[in-house]
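**Student:**
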Amino acid sequence: MSQVLPSVSPATQGVQAGTHSASTIARVKAGIDPWTVDDAADVYNLRGWGKGFFEVGKNGNVLVRPTRTPGHEVDLFEIVKGLRERGLRTPVLLHFSDLLHRRLQDLHEAFDTAIRENGYKGKYNAVYPIKVNQQRRVVQEIREYGEQYGFGLEVGSKPELLAVMGLTSDSADRLIICNGFKEDRYIEFVTLAAKLGRNIIPVIENLTELRLIVKYADKYQIRPKIGVRVNLATPGAGRWRHSSGVKAKFGLSLTEVIDVLEYLKSRGMEDCLQLLHCHMGSQIHDIRQVSSGINELARIYTELAKMGAGMRYLDVGGGLGIDYDGSQTNFEFSTNYTLPEYAANVVYKIMSVCDEEGVPHPTIVTESGRAMVAQQSVLVFDVLGANRLDRFTVPASLETVAKDEHGEVPRPIVDLYEAYNGVTERRLLECYHDALQSRDEAMNLFSVGYLSLEHRALAERMFWATCARVRDKAKDMPSIPEELTDLENSTSDTYFCNLSIFQSLPDIWAINQLFPIMPIHRLDERPTRKATIADMTCDSDGKIDRFVDNHDVKKFVELHDIKDGDDYFLGAFLVGAYQETLGDLHNLFGDTHVAHIRLDANGNWWIDEIVEGDSVREVLSYVQYDANRLGQAIRHECERAVRDKHMSVAESNALVRAYESGLAGYTYLETENGAAM
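Residues in the sequence shown are numbered consecutively from 1406, following the numbering used here.
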C-alpha cells in the first residue's frame, strides 16, 4: 500500500514559508544568488496544490510524478518538444494515465483504511459521473483501472447511459447509477440493461419516473433495483451551496420519499427500493458541512429501512473537493480537509447512526468525479507576445519635446515631467496625484481640440512611466499607502497566449474558477514580470486575472521576460474536471490536441494515444458551413481575377492551395518554427 501524503495546515505552510524567506535573506547576505527552484515552487505554491504529483526539477522545468515517486517522473517541457517533433503544436492538453490510476487508488485506500480502522461491516463503491469528463479515453481508463476496486459509473442522461452500456458489456456486475430526468425511452433502456443482468439502479428524481419504472418492470418481468434522491435540510457549502436544499433542481422532499415507499408497498415491491441518494453540492470546502449532511442522510436511510424498504446502498453523492490553491483552507476553491479525513468522516457518521438504530451497515457509494480526474490533466499553451505599460520612458529634457502652436510645451506635459522627476519615498502620494491630475487634464484638452495627438500620446507614456516609478519606490516602504496598493495590478503586463479560454478553460470565464497557472520551464530563473493573461478570442472576457497565491487570490502571475522569437510555455493545472466538454466555439477556436502520456518502470515516457484537435474544416461544419462550397467559391473568384488580369495563374494557384491548407489546419495560431511572432 503506497503512502498517503500528510496534509499541511495553513499555519504550517506559513511557518514553512517564513523559514524559507529567512534562508533567502541569509543567502542574500552571503552574496549568493538568492533565486532557486525552491523559490519558484514557493512563488506558485506548487507543492501546496501539487500534492506530490508536481515538482520543479533542478533544470528549472516542471516535473510530473504520476505516482508521487521521486525519479519516476516526466519533464513537461520535454513532452512539448517531443510533440513538436511529431508535428503537434501547442495548445495541447496532456492526460497522464498513471496519475489517474493513482487517484483511483488514493480514493480506494482512503475508504479501505477508514472501513478497516472503524470496524465498518459494509463495503465501498465509488462510481464515476461521466459528465465530469466524458472523453472516451478517460471513461475507459476509469472503467479499466477501477475494476480491481469495484468502481462503477454514473450517468445523467440517455446518451451517457447508452455510452456506458456499451463500455461495460464485459462487466455486468459493474454498478451503474442513473441520475437525471428520465422519460420512457431512458427508463426502458435501464430496464433492458437490468434484464441483461446489469447491476443498474435508476434514481427517482420525480414521481412520474417511479410509475415508468414500475410500468417497464411489469412489461419485462424483472424486479428492479430502485434508488431515490432526497433533498436534505442541511445547507450546502461553497459556490454550489444553492444546488442543494428545498429549492434544489433534483430530488424529492421527505413526504415524496415516503410516498414512493408506500406506492411500492402497494405493489409488493418495497424490497426494490435499495438506494438512498442526495446532492450536497460540488467542491464542498468545509468538512463540517460534509459531516452534517451525512448525518441527516444516514438518519433518513435507517428510518426507511425500518419502514420496510430493502435498503442496501447509501449514495452520498459528489462534493469531495480539490485544493486548487493549495492553502487547505475554508476557501471556495480549496478544502479544509484531506481525502483520508473525508473518508473517515463519511464512514464513521454512517456507522454511528446505523449502529444506534440497529440497521445493517450499507454499501457506501460516492460520486466524486472531480476528485478522480481533475489532477490528471495539464493544458500547455505558448505565449505569443506581451504588452508592457512600464516600457515607456520620460524625455531626458523638456527641450526635446515638440512645442504647441504657441511655441510652448503644453502644461500637462510639464506637470507630468515634474511629477516623474519628483518621485521620492516622501512624495509618492503627492507625485501620483499630480500625475493623475495632469493625465486627466491632457485628456480634457485633447477632447476639445487644444492638445495634439502627439502630445496626448506623450502624456499617456509619461503617466505610465510615473506610475511604474511610484510602484517601484513603494516596494521599499514598510507600509504602502492604501491608494498605491493597486498600482502593482494596474501596471502589470498583459501576456497574449495561444488559447481560447472559452474552449479550454470555460470555468474561468463562467464562474471565476481558480486554476494554478505557471511557466513550465525557466523556473531556475527569477521571474521579473507580473502579468495577466489574454487569450486569442475577440472578447473582453477572454482573459485570466485571478491566480493562485499562498494565502489569497493574486491579480497577476509572475512570469519571465520574453523577446520576439522566444519559446515560452505556460501550464494550467488541475483542469481534468468539466473543462473539456463545457467548452464552446467562440471565434471558432476548436478542441486542442490531446496527448495521453504514459511512463514505464524506468521513468521513460511515451505517447500512448494522440487525439488531434479540430481542423478549421471540422469547426466550420459544426456551425453548418460547407467547406467544399467555400473552397469552390474561392477558386471561382481566383479564376475571375486571372481573367481580369488582377492576378497571375501562379498567384491564383498559390491562394487556392493556401486556402485549402488553411481549412485542413489547426484552428489555433501556427508558425513555421513554433516560436511566437
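Yeah, the Cβ is synthetic: ideal placement off N, Cα and C, and Gly gets one too.
Assuming contact is defined by CB atoms lying nearer than 8 Å, are Met1756 and Asn1523 in contact in what I supplied?
**Tutor:** Indexing the sequence shown from 1 puts residue 1756 at position 351. Indexing the sequence shown from 1 puts residue 1523 at position 118. Cβ atoms of Met1756 and Asn1523: closer than 8 Å.
**Student:** Give the single residue among Val2021, Glu1963 and Tyr1900 whose Cα lies nearest to the Cα of Ala2063.
**Tutor:** Translated into the one-based positions of the sequence shown, residue 2063 becomes position 658. Minimum Cα distance to Ala2063 is reached at Val2021.
**Student:** Would you check if the distance between the CB atom of Val1875 and the CB atom of Tyr1837 is smaller than 8 Å?
**Tutor:** Residue numbering aside, residue 1875 sits at position 470 when the sequence shown is read from its first letter. Residue numbering aside, residue 1837 sits at position 432 when the sequence shown is read from its first letter. In contact: Val1875 and Tyr1837 (Cβ atoms closer than 8 Å).
**Student:** Under 8 Å by Cβ, that's how I've got Gln1596 and Tyr1625 pegged, so tell me the actual separation to the nearest angstrom.
**Tutor:** As a working mapping, residue 1596 is identified with position 191 in the sequence shown. As a working mapping, residue 1625 is identified with position 220 in the sequence shown. A small fix is needed here, since residue 1596 is Thr in this sequence, not Gln. Right, the Cβ-Cβ distance comes to about 5 Å (below 8 Å), so this counts as a contact.
**Student:** Give the single residue among Arg1628, Asn1700, Ile1663 and Glu1701 whose Cα lies nearest to the Cα of Cys1677.
**Tutor:** In the sequence shown, counting from the first residue as 1, residue 1677 sits at position 272. The option with the nearest alpha carbon to Cys1677 is Arg1628.
**Student:** Short of 6 Å in beta carbon distance, which residues of its chain neighbour Glu1559, apart from the five on each side in sequence? Order them along the chain.
**Tutor:** Reading the sequence shown from its first residue, position 154 is the one you call residue 1559. These residues qualify, in order along the chain: Val1532, Pro1534, Ile1582 and Glu1772.
**Student:** Quick one, are the C-beta atoms of Gly1988 and Ser1909 less than 8 Å apart?
**Tutor:** One-based indexing of the sequence shown puts residue 1988 at position 583. One-based indexing of the sequence shown puts residue 1909 at position 504. In this structure, Ser1909 lies closer than 8 Å to Gly1988 by Cβ.
**Student:** Express the C-alpha separation of Leu1505 and Ile1689 in angstroms, rounding to a whole number.
**Tutor:** Reading the sequence shown from its first residue, position 284 is the one you call residue 1689. Reading the sequence shown from its first residue, position 100 is the one you call residue 1505. Whole-angstrom Cα-Cα distance: 21 Å.
**Student:** Quick check: what's the CA-CA separation for Phe1594 versus Ala1568?
**Tutor:** For the purposes of this step, residue 1594 is identified with residue 189 of the sequence shown, where counting begins at 1. For the purposes of this step, residue 1568 is identified with residue 163 of the sequence shown, where counting begins at 1. Going by the C-alpha atoms only, they are around 12 Å apart.
**Student:** Any idea if Lys1526 is buried or exposed, counting beta-carbon neighbours within 10 angstroms, 16 or more meaning buried?
**Tutor:** As a working note, residue 1526 is residue 121 in the sequence shown. Classification of Lys1526: exposed, given that the 10 Å Cβ count is below 16.
**Student:** What are the boundary residues of the beta strand (DSSP E) that includes Phe1978?
**Tutor:** The sequence position of residue 1978 within the sequence shown is 573, counting from 1. Here the beta strand (DSSP E) through Phe1978 covers Phe1974 to Phe1978.
**Student:** Below 6 Å CB to CB, which residues in the same chain sit around Tyr1554 once its five sequence neighbours on both sides are set aside?
**Tutor:** Numbered from its first residue, the sequence shown carries residue 1554 at position 149. Excluding residues within five positions, the ones whose Cβ falls inside 6 Å are His1513.
**Student:** What would DSSP say about Arg1634, mapped onto helix, strand or coil?
**Tutor:** For the purposes of this step, residue 1634 is taken as residue 229 along the sequence shown, with counting starting at 1. Note: Arg1634 maps to strand in three-state DSSP.
**Student:** Taking 8 Å as the threshold (C-beta atoms), are Pro1921 and Tyr1729 in contact?
**Tutor:** Taking the first residue of the sequence shown as position 1, residue 1729 is located at position 324. Taking the first residue of the sequence shown as position 1, residue 1921 is located at position 516. In contact: Tyr1729 and Pro1921 (Cβ atoms closer than 8 Å).
**Student:** What residue from Leu1680, Glu1746, Leu1964 and Arg1494 has the CA that sits closest to Tyr1718's CA?
**Tutor:** Position 313 of the sequence shown, counted from the start, is the residue given in the question as residue 1718. Selected option, being the one with the closest Cα: Leu1680.
**Student:** Could you have a look at Val1619 and say whether DSSP puts it in helix, strand or coil?
**Tutor:** Along the sequence shown, one-based indexing puts residue 1619 at 214. The answer is helix: DSSP assigns Val1619 an H, G or I state.
**Student:** For Asp2019, is the classification buried or exposed, using 16 other Cβ atoms within 10 angstroms of its Cβ as the cut-off for buried?
**Tutor:** Taking the sequence shown and counting its residues from 1, the one referred to as residue 2019 is at position 614. Buried is the call here.
**Student:** Can you tell me whether DSSP reads Asn1538 as helix, strand or coil?
**Tutor:** Position 133 of the sequence shown holds residue 1538. Coil at Asn1538, not helix or strand.
**Student:** Since Gly1774 and Gly1726 should fall inside the 8 Å C-beta cutoff, what is the C-beta to C-beta distance between them, to a whole number of angstroms?
**Tutor:** Translated into positions along the sequence shown, residue 1774 becomes position 369. Translated into positions along the sequence shown, residue 1726 becomes position 321. In fact, because the Cβ distance is near 12 Å, the residues do not count as touching under 8 Å.
**Student:** In three-state terms, what does DSSP make of Thr1429?
**Tutor:** Reading the sequence shown from its first residue, position 24 is the one you call residue 1429. For Thr1429, the predicted model reports a pLDDT of 49, less than 50, meaning its position is unreliable; a value from the coordinates is still stated below. In this structure, Thr1429 counts as helix in the three-state DSSP scheme.
**Student:** For Leu1979, which of Ile1484, Arg1927, Gly1731 and Ser1696 has the nearest alpha-carbon?
**Tutor:** As a position in the sequence shown, residue 1979 is number 574, starting the count at 1. Selected option, being the one with the closest Cα: Gly1731.
**Student:** Let me know the secondary structure DSSP gives Asn1604 once reduced to three states.
**Tutor:** Here residue 1604 is taken as the residue at index 199 of the sequence shown, counted from 1. In this structure, Asn1604 counts as coil in the three-state DSSP scheme.
**Student:** Near Phe1501, which residues of its chain fall below 7 Å by C-beta distance, leaving aside the five closest residues on each side in sequence?
**Tutor:** As a working note, residue 1501 is residue 96 in the sequence shown. Around Phe1501: Val1469, Pro1471, Gln1781 and Ile2002.
**Student:** Can you tell me whether DSSP reads Met1777 as helix, strand or coil?
**Tutor:** Mapped onto the sequence shown, residue 1777 falls at position 372. Residue state, collapsed to three classes: helix.
**Student:** Residue range of the beta strand (DSSP E) that Met1923 falls in?
**Tutor:** Within the sequence shown, residue 1923 is the residue found at index 518, counting from 1. Start and end: Ile1922 to Pro1924.
**Student:** Take every Cβ of the region 1699-1713, pair it with every Cβ of the region 1899-1919, and state whether three or more of those distances are shorter than 8 Å.
**Tutor:** No: fewer than three Cβ pairs fall under 8 Å.
**Student:** Buried or exposed for Glu2056, going by 16 or more other Cβ atoms inside 10 Å?
**Tutor:** In the sequence shown, residue 2056 corresponds to position 651, counting from 1. Under this definition Glu2056 is an exposed residue.
**Student:** In angstroms with no decimal places, state the Cα-to-Cα distance between Asp1954 and Asp1447.
**Tutor:** Taking the sequence shown and counting its residues from 1, one reaches residue 1954 at position 549. Taking the sequence shown and counting its residues from 1, one reaches residue 1447 at position 42. Each residue's Cα considered, the two are about 9 Å apart.
**Student:** Please list the segments of the beta strand (DSSP E) lying wholly inside the region 1776-1848, counting only runs of 3 or more residues, in order along the chain.
**Tutor:** Those beta strand (DSSP E) runs which fall completely within the region 1776-1848 and span 3+ residues are 1782-1792.
**Student:** Reducing DSSP to helix, strand and coil, say where Gln1679 ends up.
**Tutor:** In the sequence shown, counting from the first residue as 1, residue 1679 sits at position 274. In this structure, Gln1679 counts as strand in the three-state DSSP scheme.
**Student:** Report the rounded CA-to-CA distance for Tyr1742 versus Arg1693, giving the unit in angstroms.
**Tutor:** Looking up residue 1742 in the sequence shown gives position 337. Looking up residue 1693 in the sequence shown gives position 288. Roughly 10 Å separates the two Cα atoms.
**Student:** Which residue's Cα is closest to the Cα of Glu1661: Arg1672, Val1485 and Val1633?
**Tutor:** Locating residue 1661 in the sequence shown gives position 256, where the first residue counts as 1. The shortest C-alpha separation from Glu1661 is found at Val1633.
**Student:** Identify which residue in Lys1960, Asn1611 and His1766 has its Cα closest to the Cα of Thr1899.
**Tutor:** Along the sequence shown, one-based indexing puts residue 1899 at 494. Cα-wise, what sits closest to Thr1899 is Lys1960.
**Student:** Could you give the C-beta distance for Ala1703 and Lys1754, rounded to a whole number, given that I count them as a contact under 8 Å?
**Tutor:** Residue numbering aside, residue 1703 sits at position 298 when the sequence shown is read from its first letter. Residue numbering aside, residue 1754 sits at position 349 when the sequence shown is read from its first letter. Indeed, because the Cβ distance is near 6 Å, the residues count as touching under 8 Å.
**Student:** Quick check: Asp1809 and Asp1972, are their CB atoms within less than 8 Å of each other?
**Tutor:** Working through the sequence shown from its first residue, we reach residue 1809 at position 404. Working through the sequence shown from its first residue, we reach residue 1972 at position 567. No, Cβ-Cβ distance for Asp1809 and Asp1972 is not below 8 Å.
**Student:** Which of helix, strand or coil does DSSP assign to Asn2058?
**Tutor:** In the sequence shown, residue 2058 corresponds to position 653, counting from 1. Note: Asn2058 maps to helix in three-state DSSP.
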